[in-house]
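Here's the structure, in C-alpha cells; my notes come after.
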Amino acid sequence: MLRKFIIAAVLASSLSAQAAERITFLLGFSAASGLANNVRLLCQEMNRNQNRYEFVADFRPGAGGAIAANYVLQNPKNTIIGGTSTFFLRSNFDRATGYGIDSFQGVSILSSGSPVVLYSSKYASLNELKQAGKITTAISGYGSHSNLMASMLSEIGTGVAIVNYPSLVDATKDILGKHVDTAWHWLYDIQPLVDSNKAAIIAITGTRSINGHPTFASQGVKGYENVSTNTAVYASIEMPAERVREIYELLKAANRSPDIQAHWARELGTTPNFSFVETQSWFNQQARFWADQAGKVKPLQ
Numbered sequence: 112m113l114r115k116f117i118i119a120a121v122l123a124s125s126l127s128a129q130a131a132e133r134i135t136f137l138l139g140f141s142a143a144s145g146l147a148n149n150v151r152l153l154c155q156e157m158n159r160n161q162n163r164y165e166f167v168a169d170f171r172p173g174a175g176g177a178i179a180a181n182y183v184l185q186n187p188k189n190t191i192i193g194g195t196s197t198f199f200l201r202s203n204f205d206r207a208t209g210y211g212i213d214s215f216q217g218v219s220i221l222s223s224g225s226p227v228v229l230y231s232s233k234y235a236s237l238n239e240l241k242q243a244g245k246i247t248t249a250i251s252g253y254g255s256h257s258n259l260m261a262s263m264l265s266e267i268g269t270g271v272a273i274v275n276y277p278s279l280v281d282a283t284k285d286i287l288g289k290h291v292d293t294a295w296h297w298l299y300d301i302q303p304l305v306d307s308n309k310a311a312i313i314a315i316t317g318t319r320s321i322n323g324h325p326t327f328a329s330q331g332v333k334g335y336e337n338v339s340t341n342t343a344v345y346a347s348i349e350m351p352a353e354r355v356r357e358i359y360e361l362l363k364a365a366n367r368s369p370d371i372q373a374h375w376a377r378e379l380g381t382t383p384n385f386s387f388v389e390t391q392s393w394f395n396q397q398a399r400f401w402a403d404q405a406g407k408v409k410p411l412q
C-alpha cells in the first residue's frame, strides 16, 4: 500500500512539473544592463506566485531591439518581450528586417517617466559641448531611443557625429576610455560612474532637475521635455487573449515586489496602476507619439 502511495505521489509530482509551460521573457538589451536584472527578478517572482507557467529570462541584444522583437513574432504563443520607448520608435524604421508595432499588443506597464541622461568623461555641460566644436555621441542601434536623443542634439549648434554601438554597455566602456565624447543611458546605470568621478552627467530629459543634474531645457535646449523613457512588456497579437490577461495579472503582482519597486525608484520612474483595458489604450497612444518622434531621427553615416 505504501509503495502504491509513493508511486502515485511521484507520478503526480511529475505531471505537475510537466504542466508548467515555459514562457520566454525576452529583452533586446545586454544581459549586463540594469533592466536585465529586473527581468530576472520578475521571472523569479512570477514563478514563485504560480506553477502553470515557467518564466525564463533571455537576452538578445542588437539592431535596436529588432532581433528580440522578431524572435517574439516567430514564437508568438510562448514569448513576451520587455522594452523601453525604443520598442515603439524602432518599429518605424527598416520594416524589411525590422518589425511593425501593429504586430504587438501591450501586456503590462512596468515603469513610466524615467529620465535619460547625456553623460561624458570629457565634458560637464552643454555649454562646454557648444564650445568644443565637433563632438561624437554614442548610441545603440539605428532607430533607437538613443538615436533620437543624439539626432536632437544638433540643436546645440555644434557638429555632432553619431557613433553606433552594439549596446549602451559597450558605449560606456569607450566613454571611460575617452574614445567617444558623449553617450546616452539611464540615470541609475550611470550614477556609480558619477559618484566615482569617472563621468559627469551633462543633462537629463524631463522638466525638473534631479539630484542636482540639470535638464536640457534649463541649459537652453528645448525638445527633451517629453521624451523620457517608459518600460513595459509586450506580446504578439497572436498570443491567445486568455494567456495575455493571465500574464498581465502575474506581471502586475510581481512588479509590486519591494526589490523591483526599489529599482524603478532608483531610475526615478513611477508605476502606473493601469487596468488591462487602460494598458491597451496606453499602448496605442505611445505608438502614435513615438511614430511622430521618428521623423526627428537622423540616418547613420
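Sequential numbering of the sequence shown, starting at 112, is according to our numbering.
Yeah, the Cβ is synthetic: ideal placement off N, Cα and C, and Gly gets one too.
A buried status is given to Lys363, since no fewer than 16 other beta-carbon atoms sit within 10 Å of its beta-carbon. Look at the beta carbons and you see the stretch 317-334 not touching the stretch 196-216: under three pairs across the two are nearer than 8 Å. About 6 Å separates the beta carbons of Glu378 and Leu298, which is inside the 8 Å limit, making them a contact pair. Excluding residues up to 5 positions away in sequence, Ile134, Phe136, Cys154, Met157, Asn158 lie with their Cβ nearer than 6 Å to the Cβ of Phe166 in the same chain. Between the alpha carbons of Pro172 and Val227 lies a gap of roughly 19 Å. In the three-state reduction of the DSSP assignment, Asn275 falls in the strand class. Pairing Ile191 with Ile371 gives a Cβ-Cβ distance that is not under 8 Å.
In the three-state scheme derived from DSSP, where H, G and I count as helix and E and B as strand, His290 is classed as coil. When secondary structure is reduced to three states using DSSP, Arg171 falls in the coil class, being assigned neither helix nor strand. Uninterrupted alpha helix (DSSP H) stretches at least 4 residues long and entirely within the stretch 214-275 occur at 237-243, 256-263, given in chain order. In this structure, DSSP gives Ser329 a helical state, which the three-state scheme calls helix. Taking a contact to require three or more Cβ pairs closer than 8 Å, the stretch 174-186 and the stretch 393-402 do not qualify as touching.
For Pro410, same chain residues with a beta-carbon under 8 Å away, outside a window of 5 residues either side, are Tyr253 in chain order. With 16 or more neighbouring CB atoms inside 10 Å of its own CB, Asp292 falls in the buried class. When only Cα atoms are considered, Glu360 and Ala261 end up about 36 Å apart. Between the alpha carbons of Trp295 and Leu229 lies a gap of roughly 5 Å. Tyr345: member of the beta strand (DSSP E) spanning 340-347, first to last residue.
Around the beta carbon of Leu200, 16 or more other beta carbons sit within 10 angstroms, so the residue counts as buried.
When the beta-carbon positions are compared, Leu138 and Ala131 stay at least 8 Å from each other. Contact check for Thr248 against Leu264 passes: the beta carbons are separated by less than 8 Å. In the DSSP assignment, Gly193 falls outside any alpha helix (DSSP H) and within the unbroken beta strand (DSSP E) covering 190-194. The continuous beta strand (DSSP E) containing Glu132 extends over residues 132-138.
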